[in-house]
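Input: a single structure, listed below in structure tokens.
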Amino acid sequence: EAEDGAMALCGMRVTGGPEMMQGGGGGGGVGVKPSLRAHKRASNGRAGKRNHAKETVEYLKEWFKEHQDWPYPNDDEQQQLASKTGISIKMVNTWFINARKRRKGLTEAGG
Numbered sequence: 009e010a011e012d013g014a015m016a017l018c019g020m021r022v023t024g025g026p027e028m029m030q031g032g033g034g035g036g037g038v039g040v041k042p043s044l045r046a047h048k049r050a051s052n053g054r055a056g057k058r059n060h061a062k063e064t065v066e067y068l069k070e071w072f073k074e075h076q077d078w079p080y081p082n083d084d085e086q087q088q089l090a091s092k093t094g095i096s097i098k099m100v101n102t103w104f105i106n107a108r109k110r111r112k113g114l115t116e117a118g119g
């Protein structure tokens, strides 16, 4: 426990006593400031990440393979891909950006 009454927990300073750590104290949290809680949750870089459904990835990979000479879907194709897969156009765009990066990484590595 620090001089000012704050407790150190896993390198974070927690204010309040043991009652805060057990959900008491009326703050609605566990004694960790929300900004610290969010920082800790996001520090691994993958918090909240979810993969696309298998069918979605298969459909996008098939389109990518069929268009490997120019894997850049136009606006109409993006809309179609989003509609068929049930994901947003932004997610379609991000998937293709990452797929092109993955392909580039494989070709540079000799694979």
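Converting from the sequence shown to the numbering used here requires adding 8 to each position, the first position being numbered 1.
Every residue gets a Cβ at the ideal spot worked out from N, C-alpha and C, and that includes glycine.
- For Gln87, the enclosing alpha helix (DSSP H) covers residues Asp83 to Thr93.
- Taken through DSSP and simplified to helix, strand or coil, Gly113 comes out as helix.
- Taking every protein chain shown into account, the CB of Thr102 has fewer than 16 other CB atoms within 10 angstroms, so this residue is exposed.
- Nearest neighbour of Val65 by Cα position, chosen from Asp83, Leu89 and Gln76, turns out to be Leu89.
- A direct Cα-to-Cα measurement between Gln76 and Arg108 gives close to 9 Å.
- Burial state of Trp78 is exposed, judged by a 10 Å Cβ sphere holding fewer than 16 other Cβ atoms.
- Leu68 counts as buried, since no fewer than 16 other beta carbons sit within 10 angstroms of its beta carbon.
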